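Q:
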Amino acid sequence: MEKVAILTSGGDAPGMNAAIWAAIKLAAVNGTQVVGVEGGYDGLIDGSFRPLTKSADGGAGLRPVAGLAWTAGTGGTFLGSSRCPRFLEPKNRANAAAQLREAAIGGLIVIGGNGSLTGAHLLALEHPDLRVIGVPASIDNDIGGTLDALGVDTALNTIIDACDRISDTARSHHRAVILEVMGRRSGYLAMASAVAATADAVILPEETRTEDEIRARLEELIRRSFAPGSDKRRVLIIKAEGVAVPTTRLARQLQDQLADIPNVTVRATILGHLVRGGHPSYHDRMLAGRLALAAMTAFHDDHTDLMTGWNSPIGTPTADANVRLIELADMVSETKAMLDGSSPIVQRRIQLLNKVREVLAL
Ligand code: F6P
4 MEKVAILTSG GDAPGMNAAI WAAIKLAAVN GTQVVGVEGG YDGLIDGSFR
54 PLTKSADGGA GLRPVAGLAW TAGTGGTFLG SSRCPRFLEP KNRANAAAQL
104 REAAIGGLIV IGGNGSLTGA HLLALEHPDL RVIGVPASID NDIGGTLDAL
154 GVDTALNTII DACDRISDTA RSHHRAVILE VMGRRSGYLA MASAVAATAD
204 AVILPEETRT EDEIRARLEE LIRRSFAPGS DKRRVLIIKA EGVAVPTTRL
254 ARQLQDQLAD IPNVTVRATI LGHLVRGGHP SYHDRMLAGR LALAAMTAFH
304 DDHTDLMTGW NSPIGTPTAD ANVRLIELAD MVSETKAMLD GSSPIVQRRI
354 QLLNKVREVL AL
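Letter by letter, the sequence shown follows residues 4 to 365 of my numbering.
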C-alpha cells in the first residue's frame, strides 16, 4: 500500500488544518496511507511521524484515524510547525529523506510559505526518488506563482474587523490611528485591507520612502483631515510591518508635530500574531480543499518538485480550472521578484494603489 507524508512548516495559517483533512480523505479513498509529520521539518529530520489513516473496519479500505474531523474548521496546525534552520543544510535534508525511505513513505506534501516551499524544492532536487509537492500557505501572500495562499483571506477578514473596531473608538475621540499589520517584507495585507476598510492611507515596504518622507506625508494628511470645516473624525493609517520605521515612534513624533491642533491625538496599535489565528473563512476552506485535491492528484500521478497554484498565470493546467501546477523553481524565482519589487504583479498593484491613493484620503 502506498504511503504519503504531510507536514506544515513556517508560520501557521488558517486553512492549513482544512488542507490536511482534505488530503487525508482524498488519499484514503485512493487507498494511500497518510502519515503526519509533527513539528514541521524538525519533525521530518527526527522521524517524528504519526499515522493519520487506518484500515476501515473489517475491510481492505482506509479511513481517517478517529478524532481529527473537528480540526478542519480550526486555525493553526494540529500537526505543529517550526522555523527550521537545520533544513538549510543538505546533510539534514538527506537525513529527512532517509527517515521517509525507512518508513516506506514515497512522497511528501509540504504546506507552508515561500521558505518552506524552497526547502521542498531542494529536497525534491536532491532526492528525486521522493515525490515532493507543495501547497502554498502564508498570511503574507508573498509566494510566487499563486494569486492567493492559504490564510490570506482569513487574515484580511481579521484585519478589517480590527479596523472597524478601532474606527469606532477613534471617531469618538477625534483620533488618528496607525495600525500595523503583519506581512514580513510584503505589503499585500496592508494594501488590501486599507482599500477594504476605507483607511485614509497605507504605508508599504515596496515603496522605498524615508522616515522623514513618511512622517511629512502623514502630518499633511492628518492636518488636512482635521482642518476646520472637515467633518472627518478619524484618520486610519495602515502600516505594513516590513516598513522599517517603528510604529510607536511614528505615532509619538506625529503627536508632537501636531501639538498645535487642539483635540487631535495620534495612537498606535500593532495587531501582530493575532492576525494569524482564528477559524478559516469560507474562501480559505474552499482553497484548502481544491489545492489539496490537486496536490494529491499530482502525487498519485508520480509528479515531484511542484506546487499547486491558485489562478496563476504560469504553470500547467489541472482538472480544476482555477488550479495549476507550478514548478517549485518558478515559485522561487517569482517569489524573489515579488520581494525585490521587480515582479509585474507587484508593480501593477502599486500602480493601481497610486491611482486610488487620493481617493483613500478623502
Ligand atoms: O510569515 C508569517 C508571519 O506571520 C509574518 O507576517 C511575520 O513577519 C512572521 O511570520 C512572524 O514570525 P514568528 O511567528 O516566528 O514571530
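Think of the CB as a built atom: it goes at the ideal place given N, C-alpha and C, for glycine as much as any other residue.
Note that this is a predicted model, so its numbers are computed, not measured.
Where residue 25 and residue 309 are concerned, what is the direct C-alpha to C-alpha distance, given to the nearest angstrom?
A: Approximately 19 angstroms between the Cα atoms of the pair.
Q: In whole angstroms, what separates the C-alpha of residue 263 from that of residue 269?
A: One C-alpha to the other measures close to 13 angstroms.
Q: Classify residue 310 as helix, strand or coil using the three-state DSSP reduction.
A: Reduced to three states, the DSSP call for residue 310 is strand.
Q: Runs of 3 residues minimum, wholly inside the stretch 40–76: which ones carry the beta strand (DSSP E) assignment?
A: Counting only runs of 3 or more, we get 52–54, 56–58, 65–67.
Q: Residues with a Cβ closer than 7 angstroms to any heavy atom of the ligand F6P, in chain order?
A: Here the list is 13, 14, 86, 116, 141, 142, 143, 185, 186, 187, 244, 276, 279.
Q: Give every residue of the same chain whose Cβ lies closer than 7 angstroms to the Cβ of residue 349, excluding the five residues on either side of it in the sequence, and list them in chain order.
A: Same-chain partners within the cutoff: 209, 341.
Q: Label residue 319 either buried or exposed according to how many other C-beta atoms from any shown protein chain fall within 10 Å of its C-beta, with 16 as the threshold for buried.
A: By the 10 Å Cβ count, residue 319 comes out exposed.
Q: Decide yes or no for the touch test of the stretch 124–135 against the stretch 251–260: beta carbon pairs closer than 8 angstroms, at least 3 of them.
A: No contact exists between the stretch 124–135 and the stretch 251–260.
Q: If we count the other Cβ atoms within 10 Å of its Cβ and call it buried at 16 or more, is residue 355 buried or exposed?
A: With fewer than 16 Cβ atoms within 10 Å of its Cβ, residue 355 is classed as exposed.
Q: Give the single residue among 150, 241, 72, 70 whose Cα lies nearest to the Cα of residue 201.
A: Nearest option by C-alpha distance: 241.
Q: Output the boundary residues of the beta strand (DSSP E) element that contains residue 327.
A: Start and end: 326–330.
Q: Measuring alpha carbon to alpha carbon, tell me which residue in 30, 288, 19, 184 is nearest residue 109.
A: Checked all of 30, 288, 19, 184; the closest Cα to residue 109 is 30.
Q: How would you call residue 13, buried or exposed, if buried means at least 16 neighbouring beta carbons within 10 angstroms?
A: By the 10 Å Cβ count, residue 13 comes out buried.
Q: Please classify residue 191 as buried or exposed, where buried requires at least 16 other C-beta atoms within 10 Å of its C-beta.
A: So residue 191 counts as buried.
Q: Taking only the alpha-carbon atoms, compute the straight-line gap between residue 212 and residue 206 and give it to the nearest angstrom.
A: Computed Cα separation, rounded: 9 angstroms.
Q: Going by DSSP, which residues form a beta bridge with residue 139?
A: Answer is 115.
Q: Who are the near neighbours of residue 314 in its chain, counting only those whose CB is closer than 6 angstroms to its CB and skipping five residues on each side?
A: For residue 314, where only same-chain residues beyond five positions count, the Cβ hits under 6 angstroms are 150, 325.
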